[in-house]
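**Q** I'd like to ask some things about the structure below.
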Amino acid sequence: RRFPGGRAIDMSDSWIPSGNRRRPRAVRANEERVRRERMRNEEYARQRREALAASGESKPLSIQIVALFLIMGMGSGWVMNSALFIQLPWFQRSQPEGLKFASRLTIAGILALP
4 RRFPGGRAID
14 MSDSWIPSGN
24 RRRPRAVRAN
34 EERVRRERMR
44 NEEYARQRRE
54 ALAASGESKP
64 LSIQIVALFL
74 IMGMGSGWVM
84 NSALFIQLPW
94 FQRSQPEGLK
104 FASRLTIAGI
114 LALP
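Mind the numbering: the sequence shown is residues 4 to 117 in this note's numbering, read in order.
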């Protein structure tokens, strides 16, 4: 094929494989890079699984530990919300939002609590 100006078009770099035409060198190099990266990631994941299995860290958590996490997390959430509302008058005086700040904080507190 030729451009309108008469120059020939090199069709060997076409990205559409058809027949026996090979993909361009850049595409093949990119595919090789992706394949090597995938192999490296799979090797890392395999080594990580083996390390976790050897260390015993992959054991499931007991129900008592899960319950403690829930109790402690719920407590700190309530304390933080209470602490923010104790500071609310100071926030209203010092922040440019004024009384709008209280309504925004109320909505945030409702959404944050379980």
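Don't be surprised by glycine CBs; every beta carbon is placed ideally from N, CA and C. Remember, it's a predicted structure, so these values are computed and weren't measured experimentally.
Return the chain-ordered list of same chain residues with a C-beta closer than 6 Å to the C-beta of residue 112, the five sequence neighbours on each side being excluded.
**A** Within the sequence shown, numbered from 1, the residue matching residue 112 stands at position 109. Non-local C-beta neighbours of residue 112 in its own chain, meaning closer than 6 Å and more than five positions away in sequence, comprise 84, ordered along the chain.
**Q** Helix, strand or coil for residue 101, going by three-state DSSP, please let me know.
**A** Against the sequence shown, residue 101 aligns to sequence position 98. Of the three classes helix, strand and coil, the one that applies to residue 101 here is coil, per DSSP.
**Q** How big is the Cα-Cα spacing for residue 120 and residue 95?
**A** The chain is shown only over 4 to 117; residue 120 falls outside these bounds and no answer can be derived.
**Q** Please classify residue 64: does DSSP put it in a helix, a strand, or coil?
**A** On the sequence shown, residue 64 is found 61 positions in, with the first residue counted as 1. If DSSP states are grouped into helix, strand and coil, residue 64 belongs with coil.
**Q** Would you please state the rounded distance, in angstroms, between the beta carbons of residue 1 and residue 91? I believe it to be under 8 Å.
**A** Given a span of 4 to 117 for the chain in the structure shown, any question on residue 1 remains unanswerable.
**Q** By Cβ distance, which residues of its chain are closer than 7 Å to residue 101, with the 5 residues on each side in sequence left out?
**A** In the sequence shown, counting from the first residue as 1, residue 101 sits at position 98. Within the same chain, residue 101 has close Cβ partners 95.
**Q** Please classify residue 90: does DSSP put it in a helix, a strand, or coil?
**A** On the sequence shown, position 87 is the one that residue 90 refers to. Residue 90: coil per DSSP, three-state reduction.
**Q** Who are the near neighbours of residue 88 in its chain, counting only those whose CB is closer than 8 Å to its CB and skipping five residues on each side?
**A** Against the sequence shown, residue 88 aligns to sequence position 85. Taken in chain order, the residues that qualify are 108, 112.
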